[in-house]
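A.B. asks:
Chains as they are written, first to last, in UniProt numbering: chain A, 1 to 294; chain B, 1 to 296.
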């Protein structure tokens, strides 16, 4: 690479580096701050004495959570939702993408189905029609409402389909010559070859199901059936409208359970922080896979 | 050539997906007839009487509808601009650093917030921007008056747009990083031999090389001008900021599922969906025409 030795270049690069470090720290500090609060003494947190280091270090909040059965129930529902959701999306998408990767000459109804998918991706009826139809399908207080309620992930189907279309034709042809049937081709050729794109959509599906909270707030009547994020939204992220005049807000920090809420928020992001290094490998690819140019 | 006998197996493969599509994507669309009905939960959607465009007429009489559409477009537009420029500048800055370990560490960290849910980010923001939180402490340390960020209608949109950019700028920069790596390094070497400074190379080579990508992203984002981010605003707003922070989606939620004005809420939602469909179609058509971009 070309070395720069002039004073302005050094100044420029130095400033650039400092700014980048500041930006990066800005991304970390909120997470770190939440952790500090959750490990602090209640009174110190309420008095606003905690910033980047816990004050009056205590695991009290985490002990309280250990006794919170609802927290664990919600955690379990979230895990269940992620597993069902990811497994179903994986197989449905794989099964759909293969026939749709054929041309309309090879498989006649291909284009009609594609247009139906595109229409479903670009248009939705809105919240109220969705809620009323979910109700009529018996999806109230039903885990399947959370797993399936978001609808077929059309974009992911298209992602895998595009990937299969770019697969070398010779592979499929030689398998055909050897007498392989459609299922054999799907599972022995398409599946192993599309592992990168399937891993990407699996990552996005897992993150989606773990993070989604609104559908559960609408579909579940009983808070015992909330997944974790919905539970957190209900108990920890509450802005009480009646306390929104200036005086009340001043008092709010004393009244609210700041340290406990911070601990809940931190635990609910922990699974993502743990798997994050593994998923990072795949999502970068997925972003650039998103389109065909040509 | 695929044998004809494959077709019936292809149908079988499509069955699970099509069932999912029909019941959970298409059937909810049929529900939009709620917008043209006087919905009565007792007798169901099908038997409820038709009222024509009454719900739409009522919507246009409400002052709320002007406010929510204005707020939606204002917030969505600010996010659109910010989510284009900040990642672009950030990608250009990081591109100037040649230390691989440094750039990879920075990338790993700035991608992270994208994967946190708005519940978590909203919860952290509530703490950080609370009355006695760190931001207000810094402000009072500088001699300024503390600000009630979450209760002030003037500040709230900035808080929304800012936290959205905070969460997404790293992730949005990925596409720019990909574009930057595809620039031919020989161009830089040739420019250096001709005596171009680092700054000149940035302006004359790097920037022009990724402007087409930026233009494409800007075009595609036009389709989102009515999507101001429901999840985010739903977790962060409250009645004291309705005048600037209430958007179409949050209003529809309250009107429909809290106040049970099903017909009215469906009408507003349908208007938004139809306008959104037109905008997305136009933006895709533009992207196809000028950048040869297509999704399938």
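A virtual CB, placed ideally from N, CA and C, is assigned to each residue, including glycine.
With a threshold of 16 other CB atoms inside 10 Å of the CB of residue 19 of chain A, please say whether the residue is buried or exposed.
C.D. replies: Burial call: exposed.
A.B. asks: If the cut is a Cβ gap below 7 Å, which residues of chain B does residue 83 of chain A touch?
C.D. replies: Per Cβ cutoff of 7 Å: no residues; residue 83 of chain A is ~17 Å from chain B at best.
A.B. asks: Please return the same chain residues whose Cβ sits closer than 7 Å to the Cβ of residue 97 of chain A, not counting the five positions on each side in sequence.
C.D. replies: 157, 160, 161 and 164.
A.B. asks: Would you mind sorting residue 98 of chain B into buried or exposed? The rule is 16 or more other CB atoms within 10 Å of its CB.
C.D. replies: exposed
A.B. asks: Assuming residue 133 of chain B contacts residue 236 of chain B under a Cβ cut-off of 8 Å, what Cβ separation, rounded to an integer in Å, is found between them?
C.D. replies: That belief does not hold up - the Cβ atoms of residue 133 of chain B and residue 236 of chain B are roughly 14 Å apart, past 8 Å.
A.B. asks: Quick check: what's the CA-CA separation for residue 243 of chain A versus residue 179 of chain B?
C.D. replies: No answer about residue 243 of chain A holds up, because its pLDDT of 46 lies below 50 and its placement is not dependable.
A.B. asks: Touch check for the stretch 165-178 of chain A and the stretch 104-116 of chain A: three-plus C-beta pairs under 8 Å?
C.D. replies: no
A.B. asks: Use the C-beta contact count for residue 255 of chain A: other C-beta atoms within 10 angstroms, 16 or more gives buried, fewer gives exposed.
C.D. replies: Note on residue 255 of chain A: pLDDT 45, under 50, position unreliable in the model; no value is reported.
A.B. asks: Quick check on residue 37 of chain B: does DSSP put it in helix, strand or coil?
C.D. replies: strand
A.B. asks: Would you say residue 187 of chain B faces chain A, with C-beta separation under 8 Å as the test?
C.D. replies: no
A.B. asks: Along the alpha helix (DSSP H) that carries residue 52 of chain A, what are the first and last residues, could you check?
C.D. replies: Looking at the DSSP string, residue 52 of chain A is not in any alpha helix (DSSP H), and its letter there is neither H nor E.
A.B. asks: Is the CB of residue 72 of chain A under 8 Å away from at least one CB in chain B?
C.D. replies: no
A.B. asks: Pick from B:218, B:245 and B:203: whose alpha carbon is nearest that of residue 152 of chain B?
C.D. replies: For the residues B:218, B:245 and B:203, the minimum Cα distance to residue 152 of chain B belongs to B:245.
A.B. asks: Interface residues of chain A around residue 231 of chain B at Cβ under 8 Å?
C.D. replies: Correct list: 213 and 214.
A.B. asks: Leaving out the 5 sequence neighbours to the left and right, which residues in its chain are closer than 8 Å to residue 253 of chain A when beta-carbon positions are compared?
C.D. replies: With a pLDDT of only 47 at residue 253 of chain A, under the threshold of 50, the placement of this residue in the model should not be trusted, and no figure is reported.
A.B. asks: Measure the C-alpha to C-alpha separation of residue 120 of chain B and residue 260 of chain A and round it to an integer number of angstroms.
C.D. replies: 14 Å
A.B. asks: So with Cβ pairs under 8 Å, would you call residue 170 of chain A a contact of chain B?
C.D. replies: It does not; no Cβ of chain B falls within 8 Å.
A.B. asks: Between the C-alpha atoms of residue 282 of chain A and residue 270 of chain A, what's the straight-line distance to the nearest angstrom?
C.D. replies: 19 Å
A.B. asks: Taking the alpha helix (DSSP H) that residue 212 of chain B falls in, what are its first and last residues?
C.D. replies: 207-221
A.B. asks: Can the beta-carbon of residue 45 of chain B be found closer than 8 Å to that of residue 137 of chain A?
C.D. replies: No; because the gap between Cβ atoms is not below 8 Å, this pair is not in contact.
A.B. asks: Measure the Cβ-Cβ separation of residue 134 of chain A and residue 219 of chain A and say whether it is below 8 Å.
C.D. replies: yes
A.B. asks: Cβ of residue 255 of chain A less than 8 Å from any chain B Cβ?
C.D. replies: With a pLDDT of 45 at residue 255 of chain A, under the threshold of 50, the modelled position of this residue cannot be trusted, and the question is left open.
A.B. asks: Flag this pair as yes or no: are the beta carbons of residue 277 of chain B and residue 152 of chain A separated by less than 8 Å?
C.D. replies: no
A.B. asks: Measure the alpha-carbon distance for residue 291 of chain A versus residue 203 of chain B and round it to whole angstroms.
C.D. replies: For residue 291 of chain A, the predicted structure reports a pLDDT of 46, less than 50, and the residue's modelled location is therefore unreliable. The matter cannot be settled from this model.
A.B. asks: Which residues bound the alpha helix (DSSP H) around residue 249 of chain B?
C.D. replies: 248-253
A.B. asks: With 16 other CB atoms within 10 Å as the buried threshold, where does residue 164 of chain B fall?
C.D. replies: buried
A.B. asks: Going by the beta-carbon positions, is the gap between residue 127 of chain A and residue 269 of chain B smaller than 8 Å?
C.D. replies: yes
A.B. asks: In this structure, how does DSSP classify residue 226 of chain A when only helix, strand and coil are distinguished?
C.D. replies: coil
A.B. asks: Starting from the C-beta of residue 136 of chain B, find all residues in its chain whose C-beta is less than 7 Å away, skip the five residues before and the five after it, and write them out in chain order.
C.D. replies: 146 and 147
A.B. asks: Along the alpha helix (DSSP H) that carries residue 244 of chain B, what are the first and last residues, could you check?
C.D. replies: Under the DSSP assignment, residue 244 of chain B falls in the alpha helix (DSSP H) whose first and last residues are 242-245.
A.B. asks: Spell out a yes or no on whether the stretch 106-117 of chain B and the stretch 169-178 of chain B are touching, meaning 3 or more CB-CB pairs, one atom from each, closer than 8 Å.
C.D. replies: yes
A.B. asks: In terms of DSSP beta bridges, what is residue 50 of chain B paired with?
C.D. replies: B:37
A.B. asks: Just how far apart, CA to CA, sit residue 211 of chain A and residue 198 of chain A?
C.D. replies: Whole-angstrom Cα-Cα distance: 20 Å.
A.B. asks: Counting C-beta neighbours from all protein chains within 10 Å, is the total for residue 201 of chain A 16 or more, i.e. buried, or is it exposed?
C.D. replies: The C-beta of residue 201 of chain A has 16 or more other C-beta atoms within 10 Å across all chains shown, which makes the residue buried.
A.B. asks: Are three or more beta carbon pairs between the stretch 192-207 of chain B and the stretch 44-59 of chain B nearer than 8 Å?
C.D. replies: no
A.B. asks: Taking Cβ-Cβ distances shorter than 8 Å, what residues in chain A pair up with residue 13 of chain B?
C.D. replies: 95, 96, 98, 99, 182 and 186
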